[in-house]
Structures are given as structure tokens and as C-alpha cells.
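Trainee:
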Amino acid sequence: MSAAQNPPTENQLKSSENWYTSWFDTPYYHILYKERNYREAQVFMDNITHYLNLPENAKVLDLACGKGRHSIYLNQLGFDVLGADLSENSIAEASKNTNETLHFKVHDMREPFEEKYDAIFNLFTSFGYFENDEDNLTTLKAIKDSLSEYGFAVIDFMNVAHVLETLVPEETKTVDEIEFYIKRYLKDGHIFKEIDFEDKGQKFHFTEKVKALALPDFEQLMEEAGIYLLDIFGDYKLKKFHKTDSERLIMIFK
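Residue numbers for the sequence shown follow the UniProt record's numbering, beginning at 1 and rising by one.
#1: On the DSSP letters alone, give me the boundaries of the alpha helix (DSSP H) that Phe-44 sits inside.
#2: What does a CB cutoff of less than 6 angstroms around Phe-206 pick up in its chain, not counting 5 residues either side in sequence?
#3: Comparing C-alpha positions only, which one of Phe-127, His-107, Leu-32 and Val-106 sits nearest to Lys-211?
#4: Going residue by residue through the region 153-220, where are the continuous alpha helix (DSSP H) segments of at least 4 residues, counting only ones entirely within it?
#5: Are there 16 or more other CB atoms within 10 angstroms of the CB of Tyr-33, so buried, or fewer, so exposed?
#6: What would DSSP say about Ser-246, mapped onto helix, strand or coil?
#7: Output the distance between the C-alpha atoms of Glu-224 and Leu-137, rounded to the nearest integer angstrom.
#8: Taking three-plus beta-carbon pairs below 8 angstroms as touching, is the region 114-130 in contact with the region 220-234?
#9: Cα-Cα, which of Asp-62, Leu-215, Asn-53 and Met-45 is closest to Lys-116?
#10: Could you check whether Ala-153 and Leu-54 sit closer than 8 angstroms to each other, using their CB atoms as the reference points?
#11: Could you tell me which whole alpha helix (DSSP H) segments of length 4 or greater appear in the UniProt domain "Methyltransferase" (60-148)?
#12: Check each candidate in Thr-244, Met-222 and Glu-56 and name the one with the smallest Cα separation from Ala-142.
Laid out in C-alpha cells, this is it:
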């Protein structure tokens with residue numbers, strides 16, 4: 001018996017306009033990635049909030065927050081946090097943790113927020129999903145418009161050069177008795193991940209597609225958006241970014 005009690009039908013999945021609106025809203029996304037290293041993520045948030053020297057009770061936006069695990073931790077650090085995500089199912093789950101200084105809402109990251117934030121975090125490669133490349137610029141402008149006068153934003157993205165160097169073309173992962181068959185490849189400037197599996201006698205297929213944005217691409221987008229890139233790090237311990245060796249591309253801007 002899998003952990004997904006009510007899998008969506010194939011027609012429901014095909015009716016979605018974009019891959020991320022269907023895939024992220026299924027229970028299978030959370031099953032496949034449930035073993036992510038959240039302790040490492042907490043160390044990163046400890047380091048980055050200390051580096052930014054955020055004021056006590058700073059207003060923080062966790063943009064593309066999923067089920068809110070990192071929003072919850074940021075709130076535990078003492079910040080007033082809003083977690084925002086396009087997935088209604090994820091926000092419904094995250095909202096169970098709401099308190100006076102922790103809230104969640106369904107939101108498209110291409111749209112600015114009315115409220116201004118002291119820090120905006122876009123963590124763990126939650127950027128570059130859109131079919132239209134212009135939407136990446138629109139998202140950066142929305143982040144800029146949602147920052148307070150002295151606010152900082154952080155985008156934590158994959159280091160494309162490192163990902164391509166270490167790419168595993170095919171693998172099988174078994175999680176909660178579901179066998180996920182995964183293929184990865186680069187095509188048309190995007191990194192694709194094809195995911196096939198079967199559950200309760202029903203076959204599923206999903207595709208993840210992320211724009212292979214390197215640092216020069218972000219620098220160009222940020223210049224167009226009127227954003228000032230302040231610092232770049234290459235891992236969650238905030239070590240210097242190396243073009244080929246670093247696992248992450250972490251950008252601090254305002």
C-alpha cells in the first residue's frame with residue numbers, strides 16, 4: 001500500500017497547463033523527495049539569516065515554500081514568516097502550522113506582494129520553471145517590488161555546470177513501495193527529469209523541466225530587472241562560488 005491514498009486520475013493530470021502545477025500538487029512529488037536533507041537546509045538558513053543580520057521579528061517571505069517545512073523553521077528562528085506557493089494542496093497542508101507570526105497563502109511568484117519584506121528566500125532550485133523565459137524576468141521584478149527599502153533577497157539555485165558534470169542519466173528509486181524510474185538529460189537549454197511509476201494499477205508519467213541558468217544568465221536578468229547582486233556563494237556553508245566545483249549557486253541581491 002503506498003502513502004498516496006487518493007491519486008489523481010490521468011485526465012486530471014493532463015488537464016494542467018504547466019508541468020509544475022500538476023506534479024507539485026500530487027502526493028507522489030512529496031513521496032519521491034521525502035528523504036531530502038532538511039538538516040542541511042536548516043544549517044543553510046542559520047547561516048544565511050546570520051549573514052544577512054536580519055532584525056528581530058523581521059518580515060520574511062518563503063517563496064515557493066511547498067508544505068512549509070522551511071517556513072516553519074524560519075519562524076522558529078524568530079521571524080514573522082509568510083510561506084507562498086502555487087500548489088493548493090501544499091498550502092493546505094502547510095496552513096495546519098499557522099500561528100500569529102506564521103502564515104501561508106497560494107500565490108504565483110510572478111505576481112508581487114502588496115506587503116514589503118525584509119528578506120525573500122527562493123530556496124532549493126524553485127526558479128526557472130516557466131515555459132516562457134520572460135516569466136523569469138517577471139519573477140525577479142516581482143521579488144524586487146516585494147522587498148522593503150533595506151530588504152535582501154536570496155535565490156538558491158543549482159550550479160548548472162556541476163549538475164551536468166555529475167548528471168546520472170538513469171536510475172530507479174524505491175520509496176514507500178513505489179518504484180520511480182528516472183531519466184535526466186539536457187535539451188533546448190533546459191534540464192529535464194522524466195519520472196515514470198505505477199501505483200494501484202495505474203501508470204503515471206511526469207516531467208520536471210528547469211531552465212539551465214548559469215551565473216551570467218542571472219546577472220543579465222538582474223541587470224534588466226534593476227537588481228543589485230551583492231554576493232555569491234557555492235554551498236550551504238556559504239563557501240566561495242566556484243564555476244565548476246560548487247554544488248549550488250546562491251545569490252544575494254537587493
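Note that the Cβ used here is the ideal one computed from N, Cα and C, for glycine as well.
Mentor: So, from the listed chains and residues:
#1: 38-52
#2: Trp-23 and Ile-195
#3: Phe-127
#4: 160-165
#5: exposed
#6: coil
#7: 8 angstroms
#8: no
#9: Asp-62
#10: no
#11: 69-76, 88-94 and 134-145
#12: Met-222
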